[in-house]
Every structure is written in C-alpha cells, then in structure tokens.
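For reference, each letter of the sequence shown is one residue, going 463 to 624 in our numbering. Each residue gets a CB set at the ideal place from its N, CA and C atoms; glycine is no exception. Since the model is a prediction, treat every value here as computed from it, not as a measurement. Here's the structure we're looking at; comments come further down.
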Amino acid sequence: MGVFTYTMAEIDSPVAPARLFQALSVDSHNLLPKVVPDFIQSIEVQGDPTTVGCVKQINLSEGRPYKYLKNRVDEIDASKFYIKHTTFEGDVLGDTLESAVYETTYEPSGYGTRYKMIAHYHTKGDRVETEEDVAVGKIAVKMMFKVVEEYLVANPNAYAST
C-alpha cells in the first residue's frame, strides 16, 4: 500500500472562517443537499458531527458516476477551524483505494479565510495515485466550496451566530 498526498484546494474567501467551517464541515449534512442537489442527494449522519467518530454517508445524486461514500471524523478542532476525516467506504474508492484522508483548514486572513484541503490517498497494493486521478476530485471540491461561499455571501446571517 502506498500513500499519495495532493493539495485538493487552496482558496481565499471573503467569508469568515467560523461560518465556512460550520457550513462546510459541521453542518454540511444539512446545507450541501440544498445548495448542490445535482451533486449530493442526501447525507445521513451517525453521531454528533462536532465529535470524533461521527460518520456521514453522502448519497450522490442520480446520474453521478458513483452512488455513495462514507466519511468518519478523525479529528476536529472548532477553535482552530480544523477537521480531519477519512473516506473509508463507498464505490468512489473503486478497486484502487483503501481510503482517503482529508485535512481541511480554514485559516483567518486579512481578506477573510484561507481555505486549504490536503488529501492523503491510501492505495491498494502497488497502485499509484496520479495527479490525473485526482483532477476530477479537485474540481468537485472547488465547485462545492464556491457554491457554499456564494450562498454565505448572499445570506450574511447564515451560520453567523456560531
């Protein structure tokens, strides 16, 4: 098994880190099916999304090449706007991946937030995960971020009190 690390996204946003963290990492199960229904049909939550061990099953919309994936929260620090989660199940892993570990930070910046997601792909056997293999995932991460960012800009009270 090999581990291949890629930066999935580095994005500057005018939205405050606390709002982005709540929308994208903590309350994603409520928000994402509403703002990206063509991509995510529903998200089922097992446990408290603010605690380690919480599992979210993300059911992708009909017509997508994959049906679902399951993510488990491995680390979460709301005071530092940091979350680490593992995709450990789902057809999205295919025949080549054991799991994918994602580390996401929402760093305060003079502009608002510096969002960064790093992925660690754990492959089966001697499989190599290339930049081309993760290109579609990078596009999806950036697209979802931008849609959520647009929603938060258009709705300045959403996630503002957290």
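Residues near residue i in its chain [Cβ-Cβ closer than 6 Å; skip 5 each side]
| i | result |
| --- | --- |
| Leu531 | Ile520, Thr549, Gly552, Val554 |
| Gln508 | Val517 |
| Gln503 | Asn521, Ser523 |
| Val465 | His582, His584 |
Rounded distance between the beta-carbons of residue j and residue i, thought under 8 Å
| i | j | result |
| --- | --- | --- |
| Thr469 | His582 | That pair is no contact at about 11 Å. |
| Thr513 | Phe543 | With a Cβ gap of about 16 Å, Thr513 and Phe543 do not count as contacting. |
| Thr558 | Met463 | Thr558 to Met463, Cβ: 11 Å. No contact. |
| Thr575 | Ala485 | Not confirmed; about 11 Å, so no contact. |
| Glu565 | Ile580 | 5 Å |
Backbone secondary structure at residue i - three-state DSSP
| i | result |
| --- | --- |
| Glu594 | helix |
| Lys600 | helix |
| Tyr631 | Outside the modelled stretch of the chain, which goes from 463 to 624, sits residue 631, for which no answer is possible. |
| Val507 | strand |
| Phe607 | helix |
| Asp553 | helix |
| Val615 | helix |
| Asp588 | coil |
| Thr548 | strand |
Range covered by the alpha helix (DSSP H) that runs through residue i
| i | result |
| --- | --- |
| Pro479 | 479-483 |
| Ser541 | No alpha helix (DSSP H) holds Ser541; DSSP gives it neither H nor E. |
| Lys496 | 490-497 |
Nonlocal neighbours in the same chain, by C-beta distance under 8 Å from residue i, ignoring five residues either side
| i | result |
| --- | --- |
| Lys529 | Asn521, Leu522, Gly552, Asp553 |
| Phe483 | Ala540, Phe543, Ile545, Tyr568 |
| Leu614 | Val477, Arg481, Leu482, Ala485, Ala620, Tyr621 |
| Ser571 | Asp474 |
| Glu593 | Tyr468 |
Element boundaries [beta strand (DSSP E), containing residue i]
| i | result |
| --- | --- |
| Leu708 | Since the first and last residues shown for the chain are 463 and 624, residue 708 lies out of range. |
| Pro570 | 559-570 |
| Ser475 | 465-475 |
| Tyr583 | 575-585 |
| Val517 | 517-522 |
| query | Would you call the stretch 509-525 and the stretch 482-497 in contact, with 3 or more CB pairs under 8 Å? | reply | They touch, by the three-pair rule.
Closer than 8 Å is the cut-off here; do at least three beta carbon pairs connect the stretch 493-508 with the stretch 469-480? By the Cβ test, the stretch 493-508 is not in contact with the stretch 469-480, since fewer than three Cβ pairs between them sit closer than 8 Å.
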